Structures are given as C-alpha cells and as structure tokens.
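K.L.:
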Amino acid sequence: MTSLLKEIRKLKNKNSFFSQVATLTSGTVVAQIILVLSAPILTRLYTPAEMGVLASLTAIVGILGVVAAGRYDLAVVLPDNDRDALLVALVGVLFAAGLASLTLVAFGLFGHWINPIVGLGDLHRFWPLLIAPMVFFVGVEQVLQRLLIRRRRYGALATTSVVQQGSVAALKIGAGFLGAGTPGLVTGAFMGHIVRTGGLLVGGRSVITANKREITFAGLHAQAWRYRKFPLVSSWSGFLNTASTQLPVILFASLFSPAVAGFYALSHRILKMPMSLVGGNIGQVFLERAARARDDKAELARLTSGLYGKMLLFGTLGMSVVTFYGDLLFPLVFGPDWVEAGRFAQWISVWLIFVFAASPLSSLFSVLERQGEGLVWNSVLLASRLAIILVGSAMLEHAVQVMAGYSIIGAVVWLALSVRIMALSGVPALKTMWLTVRTVAPVIVVQFVISIFLRGLFL
1 MTSLLKEIRK
11 LKNKNSFFSQ
21 VATLTSGTVV
31 AQIILVLSAP
41 ILTRLYTPAE
51 MGVLASLTAI
61 VGILGVVAAG
71 RYDLAVVLPD
81 NDRDALLVAL
91 VGVLFAAGLA
101 SLTLVAFGLF
111 GHWINPIVGL
121 GDLHRFWPLL
131 IAPMVFFVGV
141 EQVLQRLLIR
151 RRRYGALATT
161 SVVQQGSVAA
171 LKIGAGFLGA
181 GTPGLVTGAF
191 MGHIVRTGGL
201 LVGGRSVITA
211 NKREITFAGL
221 HAQAWRYRKF
231 PLVSSWSGFL
241 NTASTQLPVI
251 LFASLFSPAV
261 AGFYALSHRI
271 LKMPMSLVGG
281 NIGQVFLERA
291 ARARDDKAEL
301 ARLTSGLYGK
311 MLLFGTLGMS
321 VVTFYGDLLF
331 PLVFGPDWVE
341 AGRFAQWISV
351 WLIFVFAASP
361 LSSLFSVLER
371 QGEGLVWNSV
381 LLASRLAIIL
391 VGSAMLEHAV
401 QVMAGYSIIG
411 AVVWLALSVR
421 IMALSGVPAL
431 KTMWLTVRTV
441 APVIVVQFVI
451 SIFLRGLFL
C-alpha cells in the first residue's frame with residue numbers, strides 16, 4: 001500500500017512525465033472535441049471537392065512549414081540557458097521570414113502555372129498567395145511552442161490549442177452557412193494561424209522580455225553555427241517525412257480529382273486525431289525527457305521501450321476498429337457523400353498503427369544528433385510512397401487500391417524505423433519485433449472474429 005501511494009504521489013507531481021502529458025493533453029482533448037463535433041457539420045456544408053482544394057493548400061503549407069524555421073525549433077530545448085534558447089528561436093524566425101518571402105515570389109510570379117499542378121486551379125489567384133504568410137506563421141509557432149516546452153509552460157500550450165480550434169471551427173461553419181465555399185475554408189485556416197501565433201506570443205512573453213537585451217548578431221551567428229546540423233540535415237529529414245504524408249493530397253487532387261483528395265484528407269485527419277491528442281503531446285514531453293537522459297543509456301532504453309509498447313497497444317486498439325468498420329462508420333457520421341472516405345480510412349488505419357507508436361520516438365534522432373540517419377529513413381519513406389502513387393495511378397483503376405499500397409508500404413517502413421530507433425536507445429531488434437508481434441497480433445485476431453460475427457448479424 002505504501003509503494004502504491006508513493007507512485008500516486010509521483011503521478012500527481014507537477015514535474016512528473018505523466019503530469020506534464022496530462023496538462024498538454026487536457027487542452028488538446030478540448031480542441032479535438034471541437035474538431036470532432038464540427039466535422040460532421042462541415043462535411044454537410046462543404047462538398048468533398050471543396051474540402052479537397054483546402055486540403056491541397058494546407059498540404060503545401062504543411063510541407064513548407066515543417067522546414068520554415070530551418071528545424072531550429074527542435075534545437076530550442078537543447079541550450080543550457082534561456083538566453084541561448086531565445087537566440088536559437090530567433091534564428092528560426094529569420095529562416096521562416098526568408099522562406100515565406102521566397103514562397104510569395106514563387107506563387108506571385110508563377111502561380112498561373114503552379115496552381116493547377118497542385119490542385120488549386122479552381123481558386124482565384126489571390127487565395128494561393130496566402131500560403132506565404134501561413135508558412136511564416138507556422139515557423140513562428142514552432143519556435144514559440146518549443147520555447148514554452150523548454151519552460152514547461154504546458155498550460156499555455158493547452159489554452160492556445162483550444163482557442164485556435166474553436167476560432168477555426170466557428171469561422172468555417174459560419175462561412176459554410178453563408179455559402180462561401182472554398183474561400184470560406186481558406187479564410188478560416190488562415191485566421192487559425194494568426195490566433196495560434198498570438199496565443200503563443202502571450203505565453204512566451206516572459207522569456208522574451210527577460211532575455212531581449214542579450215540578443216546580438218554575434219549571438220545569433222554563434223547559435224546558428226552551433227546547431228547548423230538542424231537546417232543542413234534535419235530540415236531535409238523533416239521535409240521528406242512531411243512530404244510523404246502530405247503529397248498524397250496534392251497527387252490525388254492532380255491525378256484523380258479534388259474530391260478524391262477530400263476523401264483522403266478527411267479520413268487521414270480524423271484518424272490522426274489520436275496522434276494529435278496523445279501522441280503529439282507525449283512526443284513533446286519525450287523530447288525534453290530524452291534530452292535529459294541522453295547520457296544515461298539504461299534510462300534512455302527504459303524510457304523508449306516503455307513508451308513504444310504503450311503507444312503500440314493504444315494505437316492498435318483504436319485503429320483496428322476503423323480497419324474493420326470504417327466503411328460503415330464514415331457515411332453514418334459524415335453523411336452519404338463520404339462513403340469513399342471510409343474505405344480510405346480502413347487502409348490508412350493499418351499504416352497509422354505504426355506511426356502512432358513510433359512518431360513520438362522519432363525525435364531521438366535529434367536528441368542523439370543522428371539527423372543524417374533520420375534523413376535516410378525519410379528519403380526511403382518518401383521514395384517508396386511516391387512510387388506507389390505514381391505507378392498505381394497509371395496501372396490501377398481505383399484510388400482506394402492506390403491507397404492500399406501506399407498504406408502497406410508506410411506500415412512496413414515505420415515498423416523498420418521503430419526497430420532502428422529502439423536499437424539506438426539500447427533495445428535489441430529481436431526484442432522490439434517480439435514486443436510488436438505480441439502486442440498487435442492478439443488485438444487484430446479478436447477484432448477479425450468479432451467483425452465476422454457482427455457483419456453476419458447486421459448486414
């Protein structure tokens with residue numbers, strides 16, 4: 001009993017791992033509830049094609065945004081003092097301003113050629129120009145978020161997520177009732193970035209104010225050089241990883257139709273909610289904890305293997321429901337126009353089981369300064385997925401078939417990545433494989449048997 005009480009007190013400690021995760025998750029829970037409640041309304045106010053055009057635009061922002069800060073955002077948690085951390089953050093902001101400027105020039109001069117290729121051909125030329133400021137805001141958001149994580153201001157992060165999601169949902173629903181179409185969706189997304197950036201600035205103002213007198217050009221140059229591997233190596237890794245996830249939206253819009261892109265975007269976004277709700281927050285706290293334990297191999301292995309096993313179990317329990325029943329659930333929740341999205345979701349769920357387990361651990365490459373290896377993995381992931389989509393679109397008749405190949409390849413690569421990450425932390429490959437099999441297999445077998453019974457009973 002005494003030992004149990006000690007464990008409970010540890011969990012209640014505000015500095016404990018799970019307490020920090022709970023604080024972040026509390027805000028994300030509310031934000032995701034808003035998203036869940038608004039999604040069935042939005043799918044009835046906007047067509048799959050309109051949602052697909054927005055998905056293409058946000059995919060471009062996502063691909064560029066992940067490298068907007070030169071990946072210096074990942075380095076913000078590493079310096080020994082807040083002054084150097086703020087300097088690293090400012091280097092990231094400068095990178096974001098530069099990339100946003102280049103993006104504005106590209107879409108301003110060549111938008112008439114770029115827009116149709118990326119699925120934005122139906123939009124007025126003005127709307128794609130908003131991609132540039134959105135990329136800048138994403139870069140600023142990233143460095144501010146890491147700055148708050150460094151200071152363990154998890155409450156501020158949670159509040160910002162709620163305010164942002166609530167504002168975006170309200171704007172999109174209001175625009176939908178007014179019949180604004182795709183421009184209404186784009187406006188809502190744009191305003192969401194403004195709201196989030198403002199909220200993070202408010203949360204981080206104490207760190208900025210306390211150290212602003214220490215900002216010098218020499219200091220910026222020193223920190224930019226100290227963490228140069230992040231833009232030189234890690235930025236490519238992040239770009240490739242995000243591109244492998246976001247490019248399908250653009251390719252589906254270009255090779256098939258905006259409606260198909262809308263099906264993929266909805267199913268992928270809904271299924272990634274658990275990752276945003278739990279996996280993303282755990283990953284942020286894991287980054288900080290792993291950075292502290294990087295010189296203690298035993299602690300790092302314990303932390304990594306324990307987290308992998310739990311995330312794999314939770315991911316399999318949740319995603320297997322969609323794997324076996326997605327084609328029935330999606331039209332019921334989102335309306336009859338979204339049956340195809342349910343079929344997409346069935347395949348996407350297979351891939352996301354392994355993404356859910358490994359994604360929070362992927363920051364270990366940065367912690368151990370093995371960014372080059374992370375780049376190799378993301379290159380393999382992107383190349384294999386692009387090959388499946390491009391070849392599949394030429395040889396297969398249905399987009400769902402292409403999605404099946406895409407997801408299977410993704411699952412295999414993410415499993416291999418999990419094995420490698422665990423090995424870096426000190427866990428043998430065979431132990432990781434056995435942990436994976438004994439966690440996933442029983443759940444899948446039980447779900448398969450139940451699905452046969454239920455489909456035979458009700459269909």
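For the sequence shown, counting from 1, position 44 maps to 44 in UniProt numbering; every step adds exactly one.
All residues carry an ideal CB built from backbone N, CA and C; glycine is no exception.
Please read all numbers here as calculations on a predicted model, not as lab measurements.
Taking the alpha helix (DSSP H) that D73 falls in, what are its first and last residues?
P.N.:
Premise fails: D73 is in no alpha helix (DSSP H) and is neither H nor E.
K.L.:
Could you tell me the distance, in whole angstroms, from the CA atom of W434 to the CA atom of A441?
P.N.:
11 angstroms
K.L.:
Cβ atoms of S234 and Q371: under 7 angstroms apart, would you say?
P.N.:
Their beta carbons are under 7 angstroms apart, which means Q371 touches S234 by this criterion.
K.L.:
Just to confirm the assignment, what range does the alpha helix (DSSP H) spanning residue 517 have?
P.N.:
Residue 517 falls outside the range modelled here, since the chain spans only 1 to 459, and no answer is possible.
K.L.:
Put D327 into one of helix, strand or coil per three-state DSSP.
P.N.:
helix
K.L.:
With V355 as the anchor, note down where its alpha helix (DSSP H) starts and where it stops.
P.N.:
Taken as a continuous stretch (DSSP letters only), the alpha helix (DSSP H) holding V355 covers 339 to 358.
K.L.:
Can you list, in chain order, the residues of its chain whose CB lies under 8 angstroms from that of G400, leaving out five sequence neighbours each side?
P.N.:
In the sequence as presented, Gly is not what sits at residue 400; that position holds Val. For V400, where only same-chain residues beyond five positions count, the Cβ hits under 8 angstroms are E340, R343, F344, W347.
K.L.:
Less than 8 angstroms between C-beta atoms, sequence neighbours within five positions excluded: which residues of the same chain meet that for L307?
P.N.:
I282, F286, P360, L361
K.L.:
Is F217 buried or exposed, if buried means 16 or more other CB atoms sit within 10 Å of its CB?
P.N.:
Looking at its Cβ environment, which holds fewer than 16 other Cβ atoms inside 10 Å, F217 is exposed.
K.L.:
Keeping to the same chain, check which residues put their C-beta closer than 8 angstroms to that of G204; ignore five residues upstream and five downstream.
P.N.:
L144, L147, L148, R151, R153, A156
K.L.:
I'd like to confirm something about I270: is its beta-carbon nearer than 6 angstroms to some heavy atom of the ligand SAH, or not?
P.N.:
The ligand SAH is absent from the structure shown, which contains no ligand whatsoever.
K.L.:
Kindly indicate which three-state DSSP category A68 falls into: helix, strand or coil?
P.N.:
coil
K.L.:
In chain order, which beta strand (DSSP E) runs of at least 3 residues are fully inside the stretch 257 to 294?
P.N.:
Look at the stretch 257 to 294 and you find no whole run of beta strand (DSSP E) that is 3 residues long or longer.
K.L.:
Please name the residue, chosen from I131, L94, G98, that lies closest to G108 on a Cα-to-Cα basis.
P.N.:
For G108, the nearest C-alpha among the options comes from I131.
K.L.:
Would you give the residue range spanned by the alpha helix (DSSP H) that N81 belongs to?
P.N.:
It is not in any alpha helix (DSSP H) - N81 carries neither H nor E in the DSSP assignment.
K.L.:
What first and last residue would you give for the alpha helix (DSSP H) that runs through Y154?
P.N.:
Y154 -> alpha helix (DSSP H) spans 154 to 177.
K.L.:
Going by DSSP in three states, G181 sits in which element: helix, strand or coil?
P.N.:
Of the three classes helix, strand and coil, the one that applies to G181 here is coil, per DSSP.
K.L.:
What distance in whole Å lies between the Cβ atoms of G119 and S254, which are believed to be in contact at a cut-off of 8 angstroms?
P.N.:
Sure, about 6 angstroms apart at Cβ, within 8 angstroms.
K.L.:
By alpha-carbon positions, which one of V135, E141, G199, G179 ends up nearest to T159?
P.N.:
G199
K.L.:
Can the beta-carbon of A68 be found closer than 7 angstroms to that of V76?
P.N.:
no
K.L.:
Nearest to L375 by CA position, among N241, L386, A301, V412, is which residue?
P.N.:
N241
K.L.:
Tell me whether K297 is buried or exposed, calling it buried when 16 or more other Cβ atoms sit within 10 Å of its Cβ.
P.N.:
With fewer than 16 other Cβ atoms within 10 Å, it is exposed.
K.L.:
Between which two residues does the alpha helix (DSSP H) containing F239 stretch?
P.N.:
235 to 255
K.L.:
Determine the closest residue to S244 out of I215, S384, L317, with distance taken between C-alpha atoms.
P.N.:
S384
K.L.:
Does the Cβ of V138 have 16 or more other Cβ atoms within 10 Å, making it buried, or fewer, making it exposed?
P.N.:
buried
K.L.:
Would you mind stating whether G176 and Y46 have Cβ atoms separated by less than 7 angstroms?
P.N.:
yes
K.L.:
Between S161 and L271, which are expected to be in contact by the criterion C-beta below 8 angstroms, what is the C-beta distance as a whole number of angstroms?
P.N.:
Incorrect: roughly 19 angstroms between the Cβ atoms, too far for contact.
K.L.:
What separation, rounded to the nearest whole angstrom, lies between the Cα atoms of P179 and R455?
P.N.:
Pro is not the amino acid found at residue 179; the sequence shown has Gly there. Roughly 39 angstroms between the two C-alpha positions.
K.L.:
Got a sec, what are the start and stop residues for the alpha helix (DSSP H) V143 sits in?
P.N.:
131 to 150
K.L.:
Taking Cβ positions, are F354 and A416 nearer each other than 7 angstroms?
P.N.:
no
K.L.:
Tell me whether the beta-carbon of N115 lies closer than 7 angstroms to the beta-carbon of P128.
P.N.:
yes
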